[in-house]
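As numbered in UniProt numbering, residues 2 to 139 make up the sequence shown, in order.
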Amino acid sequence: ITNRTFTMIKPDAVEAGHTGAIIKMIEEAGFRIVAMKKTKMSSERAGQFYEVHSERPFYASLCEYMSSGAIVPMILEKENAVADFRKLIGATNPANAEEGTIRKLYAKSIEANAIHGSDSDENAQIEGNFFFSRTEQF
Ligand code: CMP
């Protein structure tokens, strides 16, 4: 069944000029862009987005990094979107990411790993609504 996932191109990849190449890979893999923008989070807002990780040792650094530059959040639609998108981006740690995945190609480190992908349908909806109102989702 067709469903949606949420992604954002992270500051390292936007800064390095990989936005266009990454969007091209996403569209060529069959995802339809439902919503997209370029924006920047404050560290407080990054803290809200990553609230589930607030007890992790990397939380403060993650919030600082995710608010260090522009990001490109998107809502994407495809059959089996959440699982297929996680295959396209590869493992969280680029050292473990498969050849041809977005993270293998563009991630710099386990933290600056180029791109986010939701881990469930429920989180995809929560995360998409964090950035986009209903009237911005087509
Ligand atoms: P993502 O899976 O999109 O969302 C959580 C983020 O936390 C993850 O990408 C990385 O950017 C970061 N992260 C996860 N694990 C670590 C880690 N061990 N050290 C530093 N950052 C991490």
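Every residue gets a Cβ at the ideal spot worked out from N, C-alpha and C, and that includes glycine.
Asked                                                                                                                                                                                                                    : Found
Assign Pro12 to one of three DSSP states: helix, strand, or coil.                                                                                                                                                        : helix
Rounded C-beta distance between Leu89 and Ala30? I'm assuming under 8 Å.                                                                                                                                                 : 5 Å
What are the uninterrupted segments assigned as beta strand (DSSP E) that are 3 or more residues long and contained completely in the UniProt domain "Nucleoside diphosphate kinase-like" (3-137), given in chain order? : 3-10, 33-37, 73-80, 116-118
My guess is that Gly118 and Thr8 are in contact by the Cβ rule of under 8 Å, so how many angstroms apart are they, rounded?                                                                                              : 5 Å
With distances taken Cα to Cα, identify the nearest neighbour of Ala17 among Arg87, Ala71, Pro95, Phe139.                                                                                                                : Ala71
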